[in-house]
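Report on the following structure.
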Amino acid sequence: MSENALPKSWNKETKPHKFCPGCGQALALKILGHAIDELGIAQNLIYATDIGCSLLSWDMFNVDTIQTHHGRTVPLCVGFKKAKPGAIVLSLTGDGGGYAIGAQHLLNSVMRNDPITIILINNANYAMTGGQLAPTTLLKQKTTTTPKGREIIQGRPFKGPEMLAQISADDTYIARGISTNYQQLLNMYKKAISNQIDGRGFSFMEVISMCPVNWHTNAQESLDFSEIEMAKVYPLGEIKVPKALT
Amino acid sequence: MKKEFLMGSEVIVKGAIASGAQMMTGYPITPTTEIMEHWAEETVKNPTLKFLQTEDEMSAGFAMMGAILAGKKAFTASAGPGNVLMQDAFSMAESMRLPTVAFIGQRGGPSTGTVIYSQQEVTLTCFGGNGEGLRIVYSTAGGQELYDYAIKAFNTAWKYRFPTFVLSDGYQNKTLGTVETYSPQEKEIEIISSNPYLLNPQKQKDSFTHLRNTYNLEQELADVLADHKKHFTEMTPEIVEFEDYHTLDAEVVIFAHGIVAAVAKLAVDSLRNEGKKVGLFRPITLNPFPKESAISAILNKKGILVVESSLGQFEGMLKANIYPSSTPIYTLKKPAVGIMPNEIIEKINEILLKKD
């Protein structure tokens, strides 16, 4: 499939999508659409979105979808999977939903090795509410609630995948991709979903994304901030891969 | 049908199973922990029953909704600060018309309060969340009703698709007593079935369901709420319940709910034995409130005595429903503590001595 083609699993009636111009999440979800197409799972998939920008995808895909509350997408997915183990359950959340308000759900889900797949978009700020400090905001990065730039007293940037890798079971898939590397992200998505389909266990992916509107950056600056500045702090690649997927 | 000697929490679990409950999610908190424990024991006996002990009450609420979306009859139980946290989930259930069932065991508040008894979760359970309180709340008065209303709650929730609550307290949940258990068939109670909201096997290929609780336009939400309110109003006469105990010829009518109403009944019996004309009106559904029946019960009475283990949550609810009644209202309000029949009798005697 061409990188530029619209995914078959995208809901054509709701296009153009609702994300801001230049948003990396739209790219990330387009590649997710291609992964859903290639795995042929649209009929047996539920897609659950958090609050924040991720809710803008509530009708983005031709898959059964539920939009939840802030931070609560993971427990809803856990309950669904428990009730219907044969379903493929995919949770989309932001860095606030996963690493702040829903952090204890994420931690406990990995501890239980729940067989669900979680995709977390890291754009280094709370974007839907206008660009506040997020757990993933870089040091010195300015946001509306850190006008002088993030200082160490406000905490270090949150390295979710690295933390989860330390406490997860062996058959867990954990990776960090970026919205602008099509092939790498596509492969990661396919592994993160296959790990659930094959019944191994918990799968987690962080996707580095761009937020030009809140970063106040032009196209090149947005690419540079995500691909260079963020990738320096948040290294790209697979962090934990079950033997069966290597 | 058989008589069994059971603890209140076990009665709830037996009623839930009789009503077709398939999954429970929860987080331990007194006085509802034993509901989880008994359910966990049942899952050992019957592996088709599922159980998830979650990391907190928010997770319990949302995992319950996940299971319901998948087509299971799932429920939860909580109390006090746990009931507060669970409002996050109940608010979504209210918004999306999901048929949740929750057993709330009231304990003292605010905050961590005390762990066994109070009637201070009336407002929270009926109107918690950032919505309009389109919820169904049954207030039970002891062991047998825990069984009866456990069965009824699932049926009501799945038939009308509003979040449904069985409001009890630790006295009820932790008391051992004799209860008549039965299958719904024995009493010709039809059990409402559950269907998946998502991944419904009946759905047509390439048709997909998109569910949300966020709206783009203010008018969109206003229209949804108007529709929900219409359904709630239409449903009300079908589900509203109350117990009227000798109010017809009564000079003074006691208003009480839950276990306090059971105590008030003893007071009424005692006063009636002395020839004093006293009655009891007990709403069983606190929400929707039996408004018309309550208004008829107080017509031309000397007074109303509101009795509750709260500083006035039930009184406020009553006043809102009987307005603009001019019948004088007296109160016996004891937040966080139990109420004895003698205290009610004393208060009634004071009212009866008052000159018109």
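The listed protein sequences correspond, in order, to chains A and B. Residues 3 to 248, numbered by the numbering used here, are exactly what the first sequence covers, in order. Residues 830 to 1185, numbered by the numbering used here, are exactly what the second sequence covers, in order. Glycine residues also receive a C-beta, built at the ideal position from the N, C-alpha and C atoms.
For B:R1041, the neighbours in chain A by C-beta distance under 9 Å run, in chain order, T51, L57, W60, D61, T67, I68, Q69.
Within its own chain, the residues whose Cβ lies closer than 7 Å to the Cβ of B:D917, once the five positions on either side in sequence are excluded, are M887, G890, listed in chain order. At a cut-off of 8 Å between beta carbons, B:S888 contacts chain A. A residue is called buried once 16 or more other Cβ atoms fall within 10 Å of its Cβ, and A:Q69 is buried on that count.
A direct Cα-Cα distance of roughly 48 Å separates B:A922 from B:N1102. The continuous beta strand (DSSP E) containing A:K242 extends over residues 239-242. Excluding residues up to 5 positions away in sequence, G203, F204, K242 lie with their Cβ nearer than 6 Å to the Cβ of A:T174 in the same chain.
Residue state for B:T954 is assigned as helix, using DSSP reduced to three classes. With fewer than 16 other Cβ atoms inside 10 Å of its own Cβ, A:E15 counts as exposed. Note that the region 79-90 of chain A touches the region 892-903 of chain B; at least 3 beta-carbon pairs, one per stretch, sit closer than 8 Å. In terms of Cα proximity to B:T1156, the closest of B:P1164, B:L1147, B:K1162 is B:L1147. A:M113 sits close to A:I169, with the two beta carbons spaced by under 8 Å. Contact of A:F206 with chain B is not assigned, every C-beta pair being separated by 8 Å or more. Straight-line spacing of the CA atoms in B:S1122 and A:I103 works out to 45 Å. When DSSP assignments are scanned along the region 180-212 of chain A, the uninterrupted stretches of alpha helix (DSSP H) that are 4 or more residues long and fall wholly within it turn out to be 184-199. Taking a beta-carbon distance threshold of 8 Å, A:A85 counts as an interface residue toward chain B. With 16 or more other Cβ atoms inside 10 Å of its own Cβ, B:I1133 counts as buried.
Think of a sphere of 7 Å around the beta carbon of B:L1027: the chain A residues whose beta carbon falls inside it are I48, D66, I68, in chain order. Think of a sphere of 9 Å around the beta carbon of B:G900: the chain A residues whose beta carbon falls inside it are A85, K86, in chain order. By the C-beta density criterion, A:T51 is buried, having at least 16 other C-beta atoms within 10 angstroms. Cβ neighbours of A:L187 within its own chain (closer than 6 Å, five residues either side excluded): I33, G179. Around the CB of A:M190, 16 or more other CB atoms lie within 10 Å, so the residue is classed as buried. Residue A:N183 holds the alpha-carbon nearest to the alpha-carbon of A:L29 among A:N183, A:T139, A:P159. Per the Cβ contact rule, the region 934-954 of chain B is not in contact with the region 1009-1016 of chain B (fewer than 3 Cβ pairs under 8 Å). Partner residues in a beta bridge of A:H19, as assigned by DSSP, do not exist. Collapsing the DSSP output to three states places A:R178 in a strand. DSSP, reduced to helix, strand and coil, places B:S924 within a helical segment of the structure shown. Boundaries of the alpha helix (DSSP H) harbouring A:A37: 26-41, taken from the DSSP string. In this structure A:D172 is exposed. Its beta-carbon is surrounded by fewer than 16 other beta-carbon atoms within 10 angstroms. Among the residues facing chain B, A:V209 is not included, as its CB has no counterpart in that chain under 8 Å away. Collapsing the DSSP output to three states places B:N912 in a helix. Interface criterion met: the Cβ of A:G81 is under 8 Å from a Cβ in chain B.
Taking all protein chains in view, the Cβ of A:T146 is surrounded by fewer than 16 other Cβ atoms within 10 Å, so the residue is classified as exposed.
By DSSP's assignment, B:K832 forms a beta bridge with B:E1009. In this structure A:K193 is buried. Its beta-carbon is surrounded by 16 or more other beta-carbon atoms within 10 angstroms. Note: A:L122 is bridge-paired with A:T95, A:E208 in the DSSP secondary-structure output.
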